[in-house]
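**Q**
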Amino acid sequence: MNDFRIDDLHGIHAILYALFDRHEKLDRNAMRRQVELCLASGVHGMAALGLATEASKLGENERLAVMEWVVEDTAGRVPVALTIFGSSVDEQVRQARHAAKVGADWLILQPPMIGQFSAREYMQFFGRVADQTDLPVAIQNAPALMGCGLSATDIRDLVQQHPNIRLVKGEGPVVDIATLIEVTDGTLPVFNGRAGLELPDNLRAGCRGLILAPDCIDYAVRVYEFFCDGWDEQADEDYRRMLPAVVFTMQGIENLLCYGKRLFGERAGIPIFDRAPALRPSEVGLAMTKRYAQDLGAFEE
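Residue numbering for the sequence shown follows numbering that gives the first Met the number 0, starting at 0 and increasing by one per position.
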């Protein structure tokens, strides 16, 4: 966005699913349709190539293509964040430069998904990548989902050392997010995820917003906007409507990719296909997905 300012970033941002065709290839039309539905739902930002986008299953050329598609399809209507996935500093820097070239507004750095290392090693890795881009950078900190992470004090120290690390994309309980906000003196914008679990309490704790897969994104947007307008009762009512589906899908990242993606597909009228290896849905799970989709209704356009 031409008038984008990182300090203005807020609200509910959609992190896109990787949508495949029956031959396990990325489905360009379905990906465009997903962006259109998220924008019609009123999202405040768009994101791609995080855990929900199954970046680890995509080749580098596919990740670069998704970057181009998302920026093109969003067309400057909301800020775009692109998650940078890679096993080395060089790989992540290469992708960060491509993201900047195609028009991303900000970046989210993931830790390399290899091995288990000390916090200092991850901090140095993030810092080396961040120092080679002019875009504002967030750190994705999701220890429960990714098996590695940084403490609140680690993040505070990292931000002090690298001034363009400006945000955190968390994946954790509200109590942990609140600690991070407290340790960083409320100066570091924090976005949570976890499919929207504890959404109103995240906002009460000081979260700037949430970055969520799109299966319940329309409800999450309404919760956020009601909350910001001081209509707590209405916010809680929409949260209660989405919560059973959120609890069902957010039983781990593979469960989200199996059933959350299918919940989105049911509501959007988009057939869902997996790229192997994948968690395959059970009859019970599919029946629950259909019931939750019926309860939530189709996406409005």
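The beta carbon of each residue, even a glycine, is placed where N, CA and C say it ideally should be. Since we're looking at a predicted model, the values are computed, not measured.
1) Can you tell which of Glu-282, Leu-255, Ala-64, Leu-157 has the C-alpha that lies nearest to the C-alpha of Phe-124?
2) Starting from Trp-230, trace the alpha helix (DSSP H) in both directions and tell me its first and last residue.
3) Using beta-carbon positions only, say whether Gly-44 and Gly-10 come within less than 8 angstroms of one another.
4) Is there contact here, the segment 96-113 with the segment 123-140, by at least three beta-carbon pairs under 8 angstroms?
5) Give me the DSSP bridge partner(s) of Ile-271.
6) On the DSSP bridge assignment, give the partners of Ala-80 in chain order.
7) When every heavy atom of the ligand FAD is checked, does at least one fall within less than 7 angstroms of the C-beta of Asp-26?
8) Mapping DSSP to helix, strand and coil, what is Phe-3?
9) If we ignore side chains and look at the alpha-carbon of each, how far apart do Thr-248 and Lys-260 end up?
10) Rounded to whole angstroms, what's the CA-CA distance from Asn-140 to Gly-229? Just pull it up for me.
11) Count the other CB atoms, across all protein chains shown, that sit within 10 Å of the CB of Val-283; report buried if there are 16 or more and exposed otherwise.
12) How big is the Cα-Cα spacing for Val-174 and His-22?
13) Considering only C-alpha positions, which residue in the set Ala-13, Ile-5, Arg-31 is nearest to Ile-269?
**A** On the basis of the supplied data:
1) Leu-157
2) Note, Trp-230: premise wrong, no alpha helix (DSSP H); not H, not E.
3) yes
4) yes
5) Its beta-bridge partners do not exist; DSSP assigns none.
6) Ala-46, Trp-105
7) Looking for the ligand FAD in the displayed structure turns up nothing, as the structure carries no ligands at all.
8) coil
9) One Cα belongs to Thr-248, the other to Lys-260, and the distance between them is close to 9 angstroms.
10) Approximately 30 angstroms, taken between the alpha carbons.
11) exposed
12) 43 angstroms
13) Arg-31
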